[in-house]
Amino acid sequence: MTFIIHCIEQVYYFLWGDWIRLPLPGGTLSLPLLVLLLIPAGIYFTVRTRGLQLRLLPDMVRLITGSAKPEDSEQNRKAEELSALQALIVSTATRVGMGNLVGVVAAISAGGAGAVFWMWITALIGSATSFVESTLAQLHKQEDPLYGGYRGGPAYYIHDWINAGRKGKARKSLLAILFAISGLICWCGVSQVIGNSVSSSLKNAFHISPLVSTTALVLLAAVIVLRKNATVKVLDILVPIMSGIYVLITLWLIVTHAYQLGDVFRRIFSEAFGLRQVAAGGFGAVLMNGVKRGLFSNEAGSGSAPCAAATAETPHPARVGLTQAFGVFIDTLLCTCTAMVMLLAPQELVDGLQGMDLLQTAMYSYFGQIGVIFIALILWMFSFSTFIGILFYARSNVAYLFGDRWSAQTAYKLLALVMLFIGGLAAYTFVWDLGDVGVGLMTIFNLIALLPMSNEAIKSLKDYERRRN
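The sequence shown lines up with residues 10 to 478 when you count with the numbering used here.
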């Protein structure tokens, strides 16, 4: 076990360690590998799509609300096929479920208020990246003989890219295999984060032993996910309800504490640019944690969301790309709500806290013990949505690696349940490392193909705009 932890730590430092050090007054700015890859890639895709994030925002809203002109017949869609909106709900389930709640808590715990700004920047730039990867997933999707409908994602478009022009039967590509394995590692890490966050929040709210709460969570999750015909359509109801409740509560807090917003935003921007941290040499930690947790939250560039995007039945691939790009904006809104809950709380109460202790203490300052209980209960809902979402993602990767076998699908579900249990009993900092390693490796393998393949997504976007006009 010690050897495994050591290996995870070494890969973690390779991905998130200091690759470039820029001298600053009072310290240095350390840039990890993934920052050097994701930010330039996001800027490149933003330029290639001519600022799609803002230019086509009205189109995204129309596609989400259903006011866009329908080009296909809903009644002609097979029962097992998902719409573009349902595919967005699946990807939103993982973002909202843990990224917006636990990811923001981790960012502020490690990087302070300034990390929130860099989460915003990562999300804005990442919206264009999300469009490109989700559109490619649509262009290279396959029929799913096990679950019905479609499947796909980076493993499949990487496979097609590597084998383009080859004669005879296409062989599995090493790059696609590495991506699929990295995804499965990442989602095991996310399972650990779920177990850890739920057990700690229930301990704070009800003084329940982590062993008891984690066991109950695993047993209940097993009943849901081990069924062969388990469907993600339960998320159609769960995600809007839990998101709506959480947004309403947090918006009420923001409105009732509006007089503090000026100070909060001054703190975010001052810490984001290191006006306070530079003297202590901590600017790099602010930037790194903001980008790292921003990636974990909005998933842009990591290749997770395309696994859901590929399952959608749509008249045009770019429509799915646009809905997934809008998902990053939804993610940003909910990230900001969570951040405000913590930053508006009295600093003397939350200083020095991390993890769910930080968020629940902040809620306690507003609502007393009811606030602590609310976070514990909403986290239960978020956790189930996330767990269902990541296992939905895993379907495609498991199928690519092991073929269309129910035994392989079930084996990975059991592994995820074991990691869920382990995470509930593990130390807070360790459970993030496996997820960060997985998402980091996914991002590298995904970007290797995403950059040269982006022309396909750009052509699809131009065709969409031509047809729309």
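Where is the CB? At the ideal position from N, CA and C, for every residue including glycine.
In DSSP terms, what residue i is bridged to
i, result
"R160", "Q151"
"I29", "L40"
Straight-line gap, residue i to residue j (C-alpha atoms, nearest Å)
i, j, result
"G290", "Q269", "Caution is warranted here: a pLDDT of 47 is assigned to G290, below 50, making its placement in the model unreliable, and no coordinate value can be reported."
"A334", "A319", "14 Å"
"Q84", "V337", "Any reading at Q84 must be qualified, since the residue scores a pLDDT of 44, below 50, and its modelled position is unreliable; the value itself is stated next. One C-alpha to the other measures close to 29 Å."
"S222", "V427", "14 Å"
"L443", "Y409", "22 Å"
"Y22", "W415", "36 Å"
"E308", "V446", "14 Å"
"L450", "I17", "12 Å"
"A132", "T341", "7 Å"
"A281", "G310", "23 Å"
"I339", "I73", "11 Å"
"C344", "W129", "9 Å"
"L226", "V232", "10 Å"
"L429", "R477", "45 Å"
"L24", "H15", "14 Å"
"A189", "Q378", "43 Å"
"Y421", "P326", "30 Å"
"W170", "M462", "8 Å"
"Q356", "D366", "14 Å"
"P49", "S136", "13 Å"
"T144", "H168", "16 Å"
"F396", "I217", "21 Å"
"R30", "P41", "9 Å"
"G380", "A185", "45 Å"
"L459", "Y166", "9 Å"
"G253", "K212", "25 Å"
"D329", "L183", "The sequence given here places Val at residue 329; Asp does not occur at that position. Between V329 and L183, the C-alpha separation is close to 28 Å."
"L47", "T419", "33 Å"
"L424", "A314", "21 Å"
"T138", "G432", "31 Å"
"A124", "G26", "17 Å"
"P324", "D153", "19 Å"
"A88", "G312", "Model confidence at A88 stands at a pLDDT of 45, short of 50, so the residue's coordinates are unreliable; what they give is reported in the following sentence. Their backbone Cα atoms lie some 26 Å apart in a straight line."
"R236", "F393", "15 Å"
"G361", "G412", "48 Å"
Per-residue DSSP class, three states only, for residue i
i, result
"I217", "coil"
"P326", "helix"
"R180", "coil"
"E357", "helix"
"S279", "helix"
"T58", "coil"
"G377", "coil"
"E80", "With a pLDDT of 48 at E80, under the threshold of 50, the modelled position of that residue is not reliable, and the figure given next carries that caveat. Residue state, collapsed to three classes: coil."
"A173", "coil"
"A417", "helix"
"H266", "coil"
"N478", "coil"
"N85", "Confidence in N85 is poor, its pLDDT being 46 and thus under 50, which makes the residue's placement unreliable; the coordinate value appears in the next sentence. Three-state DSSP puts N85 in a helix."
"E18", "helix"
"S313", "coil"
"L362", "coil"
"E308", "coil"
"A132", "helix"
"A348", "helix"
"A122", "coil"
"G412", "coil"
"R404", "helix"
"R64", "helix"
"R236", "coil"
Distance between beta carbons of residue j and residue i, contact taken as under 8 Å
i, j, result
"L228", "R276", "Between R276 and L228 the Cβ distance is about 43 Å, and since that is not below 8 Å, they are no contact."
"I457", "V199", "23 Å between Cβ atoms; not a contact."
"R489", "Y156", "Coverage of the chain is limited to positions 10 through 478, which leaves residue 489 absent and any answer about it impossible."
"V482", "A466", "There is no way to answer for residue 482, as the model of the chain reaches only from 10 to 478."
"C346", "Y402", "The Cβ separation is near 25 Å, so there is no contact."
"N406", "A164", "6 Å"
"G161", "A173", "16 Å between Cβ atoms; not a contact."
"T452", "L43", "6 Å"
Contact test: residue i Cβ vs the ligand ATP heavy atom, cutoff 8 Å
i, result
"P49", "The ligand ATP is absent from the structure shown, which contains no ligand whatsoever."
Quick check: the segment 189 to 208 against the segment 387 to 394, are at least 3 beta-carbon pairs closer than 8 Å? Yes: at least three Cβ pairs fall under 8 Å.
Determine, using beta-carbon pairs with one atom in the segment 48 to 64 and one in the segment 461 to 472, whether at least three such pairs fall under 8 Å. Contact check between the segment 48 to 64 and the segment 461 to 472: three or more CB pairs, one atom from each, fall below 8 Å, which counts as touching.
Is it the case that the segment 357 to 377 contacts the segment 171 to 191, given that we only count it when at least three CB pairs across the two stretches are under 8 Å? Look at the beta carbons and you see the segment 171 to 191 not touching the segment 357 to 377: under three pairs across the two are nearer than 8 Å.
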